[in-house]
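Please read the structure below before turning to the comments.
In this note's numbering, the protein residues as written are 3 to 211.
Following this line, the structure appears as structure tokens:
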């Protein structure tokens with residue numbers, strides 16, 4: 003089981019979060035420094051998994067972390083934000099591939115943009131002549147996506163607050179847990195009157211020439 007899998011399997015309720023904040027406060031910062039050091043990997047893995055990551059998750063701090071020429075804004079309770087806070091990157095192989103493929107003037111489409119990690123990477127690579135289309139139906143995640151746009155003054159990003167589908171209609175959005183917002187998903191259909199329903203349509207209709 004990977005470190006990511008272990009992290010997902012331990013959601014925190016409010017009581018558990020308060021308890022871990024108190025218990026781990028004396029050792030959390032030290033554990034984080036060790037986890038980011040050059041100690042043997044096996045030791046760092048245990049210290050990060052058992053102490054540093056639970057400590058940061060329990061605190062649920064909003065943070066800023068420099069990413070290339072930009073700044074990523076996140077929350078440490080969420081898995082994506084937690085990993086960016088600790089390691090400075092999310093999905094390093096995919097992030098490196100995207101950064102290596104994109105250049106000024108390119109267009110990048112981020113379907114399920116979440117809190118904007120790939121939107122930020124792409125927008126920094128393709129500007130000033132390029133563009134990014136960020137598709138995200140979740141209201142809560144749209145707010146976090148907005149953090150990246152505002153903090154980095156990104157003017158080359160167009161946000162589409164809809165879900166991609168094979169038809170035009172409406173779908174209900176089921177939020178993922180606070181510990182892993184990447185599990186947010188759009189359901190097949192929703193009543194028009196549903197408070198959590200959002201528009202959906204095929205991707206080709208969201209992208210202009």
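Where a beta carbon is used, it is the ideal one built from N, C-alpha and C, also for glycine.
As the structure is a computational prediction, the values presented were derived from the model and not from experiment.
- Residue pairing by DSSP leaves residue 63 without any beta bridge partner.
- DSSP places residue 164 outside both helix and strand once states are collapsed to three, so it counts as coil.
- Looking only at 159, 172, 82, the smallest Cα-Cα distance to residue 209 is reached by 159.
- The beta-carbon separation of residue 109 and residue 133, rounded to 5 Å, stays under the 8 Å limit for a contact.
- Residue 40 and residue 178 have their C-alpha atoms some 34 Å from each other.
- Assignment of residue 54 by DSSP, reduced to helix, strand and coil, places it in the helix class.
- Rounded to whole angstroms, the gap between the alpha carbons of residue 175 and residue 139 is 7 Å.
- Counting C-beta pairs closer than 8 Å gives three or more between the region 149 to 156 and the region 120 to 130, which meets the contact rule.
- Distance check between residue 188 and each of 201, 180, 123 places 201 closest, using alpha-carbon atoms only.
- The continuous alpha helix (DSSP H) containing residue 145 extends over residues 141 to 153.
- Between residue 82 and residue 117, the C-beta gap is smaller than 8 Å, which places the two residues in contact.
- Residue range 43 to 49 is occupied by the alpha helix (DSSP H) that includes residue 47.
- Taking 8 Å as the cut-off, the Cβ atoms of residue 162 and residue 141 do not count as close.
- The three-state reading of DSSP puts residue 207 in helix, counting H, G and I together.
- The beta carbon of residue 53 lies closer than 7 Å to those of 26, 29, 30, 33 in the same chain, with the five residues before and after it left out.
- Cβ-Cβ distances below 7 Å link residue 151 to 159 in the same chain, with the five nearest sequence neighbours on each side left out; the list follows chain order.
- Under the three-state reduction of DSSP output, residue 128 falls in the helix class.
- Annotation for residue 174: no alpha helix (DSSP H) segment contains it, though the beta strand (DSSP E) segment containing it runs 171 to 176.
- Assignment of beta-bridge partners to residue 110 by DSSP yields 134.
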